[in-house]
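> Numbering (this note's numbering), first residue to last: 79 to 242. Heads up, the beta-carbon is just placed ideally off N, CA and C, and yes, glycines get one too. All of these numbers come straight from a predicted model, not from anything done at the bench.
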């Protein structure tokens, strides 16, 4: 299935991370969920954040940037995955954040298609733009502070804990 020119370049960029890009494209075409497993650590790493903190950090990023780098949401938006440069996972020191880097695999939906679960909040642009880890870290700190402030004031905001 072909999408827009932007979707096509995003597909090519993502597939380039696979050991066999053509096999990746076939997997996207044949998988009824429209997803493929792709290795992290080659073109990108992923910082995986609980939904409450992740959405709050994403809100901070979108106030600071016209367009953040790629961001995934999993089933039910329980977690968000911020695509960052390779090597970030090995250096990340933050607590409550899962890191997918070299040796790990990520379920990645075909850009521009609606799937039954994992979805792009911000799809790849096809040029390799990623989230700046320093900005993601600052957004996480700001978001955690905002969540803590709401909790201290008796307004829990979301029903989950910030690090779920």
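#1: Any idea what DSSP makes of residue 225, helix, strand or coil?
#2: What residues in its chain sit with their C-beta under 6 Å from that of residue 180, if we drop five residues either side in the sequence?
#3: By the DSSP assignment, the beta strand (DSSP E) with residue 159 in it spans what residues?
#4: May I have the straight-line CA-CA distance separating residue 110 from residue 170, to the nearest angstrom?
#5: Spell out the partners DSSP gives residue 150 in its beta bridges.
#6: Could you give the residue range of the beta strand (DSSP E) that holds residue 123?
#7: Compare the Cα-Cα distances from residue 219 to each of 105, 174, 123 and 85 and report the closest residue.
#8: So is residue 123 buried or exposed if we call it buried at 16+ other beta carbons inside 10 Å?
Based on what the coordinates show:
#1: Position 147 of the chain shown, counted from the first residue, corresponds to residue 225. If DSSP states are grouped into helix, strand and coil, residue 225 belongs with the helices.
#2: Taking the first residue of the chain shown as 1, we reach residue 180 at position 102. Only 119 meet the Cβ criterion.
#3: Residue 159 sits at position 81 when you count from the first residue of the chain shown. Taken as a continuous stretch (DSSP letters only), the beta strand (DSSP E) holding residue 159 covers 157-162.
#4: Locating residue 110 in the chain shown gives position 32, where the first residue counts as 1. Locating residue 170 in the chain shown gives position 92, where the first residue counts as 1. Cα to Cα, the separation comes out at about 34 Å.
#5: Counting from 1 along the chain shown, the entry for residue 150 is found at position 72. Residue 150 pairs with 159 and 198.
#6: Position 45 of the chain shown, counted from the start, is the residue given in the question as residue 123. In this chain, the beta strand (DSSP E) harbouring residue 123 covers 123-128.
#7: Position 141 of the chain shown holds residue 219. Checking every option, the nearest Cα to that of residue 219 belongs to 174.
#8: For the purposes of this step, residue 123 is taken as the residue at position 45 of the chain shown. The residue is buried, with at least 16 neighbouring Cβ atoms inside 10 Å.
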